[in-house]
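Following: one structure in structure tokens, then a few remarks.
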Amino acid sequence: MRLILVEDEPDLGVAVKQALSHQAYIVDWFLDGTQAWSYLEDHWTQYTLAIFDWMLPGLSGIELCRRLRGKKSPLPVLMLTAKDRMEEKIIGLDSGADDYLIKPFRMPELLARLRALQRRSPHFQPQQLQVGSLMLDYATHSATRIHPQAEKRTIALTAKEFQLLEYLMQHPNQILTRDQILNQLWEIGEEPVSNVVAAQVRLLRRKLGDDNSNPLIENIYGVGYRLNSSA
Ligand code: CA
């Protein structure tokens, strides 16, 4: 799940990004409304959720909402604001925001609001994702292999392993290139080392007990990776 955060207060931005990363969200954080829009305009379909602060340098959070809705984007938007007067709330909702959080707020409340927005959104994430013998659990960030003849094995995953497996499982039997995986799983501005995808896939395969005779995650040499739904 990828999320865009536009917040110009550095301390708050760092805290929110950290809290969300712990929940395995991939967070692109912008400090300025105009810069955020220049990216978001062509990339909003990458995101599952948006968090906009109301008062921003450049374009305001309200203007970002208006422009998104002007592009017919259904991306759920949570507005952060220090304003709690009724008429301002109405302006925000009219501009297309889905929910509000008044500053200062506690992180558990932010996370709960985001979960609620996700449940109502067209990009709704299921509680579990199953492909072939593999089940991914969003609540526990774990994977389970279901073999008819073998014992069920549940494997705890790190945030990155979870994101990688989720992405592969969302595209079963399709080849995903290293660049696609990098663009999907690493945040804007992060510069991962060149073999990071290969290293992550290796770790994940080892954890899943993936064997080479009938691999679940296939290495398509020189191209990318494919999740085999019949493994
Ligand atoms: Ca602000």
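The C-terminal position of the sequence shown is numbered 844 in the numbering used here, with every residue numbered one higher than the one before it. Here a beta-carbon is modelled for each residue, glycine too, at the ideal position from N, C-alpha and C. These numbers were taken from a predicted model, which means no experiment stands behind them.
Residue i versus residue j: straight-line alpha-carbon distance, rounded
i, j, result
"leucine 724", "histidine 760", "35 angstroms"
"alanine 649", "phenylalanine 643", "6 angstroms"
"glutamine 659", "serine 826", "35 angstroms"
"methionine 748", "leucine 742", "6 angstroms"
"tyrosine 838", "glutamine 813", "12 angstroms"
"aspartate 641", "glutamate 764", "40 angstroms"
"tyrosine 798", "arginine 680", "This sequence places leucine at residue 798; tyrosine is not what is there. The alpha-carbon atoms of leucine 798 and arginine 680 are separated by roughly 26 angstroms."
"serine 673", "leucine 691", "13 angstroms"
"threonine 790", "glutamate 700", "49 angstroms"
"isoleucine 788", "leucine 829", "13 angstroms"
"arginine 719", "leucine 633", "13 angstroms"
"asparagine 841", "arginine 726", "35 angstroms"
"alanine 628", "proline 721", "12 angstroms"
"leucine 693", "isoleucine 833", "44 angstroms"
"proline 805", "glutamine 793", "14 angstroms"
"aspartate 750", "glutamine 740", "6 angstroms"
"tryptophan 572", "glutamine 731", "There is no way to answer for residue 572, as the model of the chain reaches only from 614 to 844."
"proline 623", "aspartate 645", "11 angstroms"
"valine 809", "isoleucine 617", "23 angstroms"
"leucine 669", "proline 717", "16 angstroms"
Exposed unless 16 or more other CB atoms sit within 10 angstroms - verdict on residue i
i, result
"proline 689", "buried"
"alanine 695", "exposed"
"serine 843", "exposed"
"arginine 728", "exposed"
"threonine 661", "buried"
"arginine 758", "buried"
"isoleucine 715", "exposed"
"glutamate 831", "buried"
"glutamine 631", "exposed"
"valine 836", "exposed"
"alanine 663", "buried"
Same chain only: Cβ atoms within 6 angstroms of residue i, ignoring 5 sequence neighbours per side
i, result
"lysine 820", "Ile768"
"glutamate 598", "As shown, the chain starts at 614 and ends at 844. That puts residue 598 outside it, with no answer to give."
"methionine 614", "Tyr638 and Thr661"
"alanine 772", "Ala637"
"glycine 626", "Glu620 and Trp642"
"tyrosine 780", "Gln797"
Beta-bridge pairing of residue i - partner residues as DSSP gives them
i, result
"glycine 837", "Thr790 and Ile833"
"phenylalanine 643", "Val619"
Three-state secondary structure assigned by DSSP to residue i
i, result
"serine 746", "coil"
"threonine 767", "strand"
"arginine 719", "coil"
"valine 806", "coil"
"isoleucine 664", "strand"
"glutamine 740", "coil"
Contacts around residue i, its chain only, beta-carbon distance under 7 angstroms, and the 5 residues preceding and following it disregarded
i, result
"isoleucine 675", "Trp667, Ile704, Gly705 and Ser708"
"tryptophan 800", "Checking the sequence, you will find glutamate at residue 800 rather than tryptophan. If we look at glutamate 800 and ignore the five residues flanking it on each side, its Cβ neighbours are Ile639, Val640 and Asp641."
Own chain partners of residue i with C-beta closer than 8 angstroms, once the 5 adjacent residues on each side are dropped
i, result
"arginine 766", "Thr757, Arg758 and Gly822"
"arginine 682", "Ser708 and Gly709"
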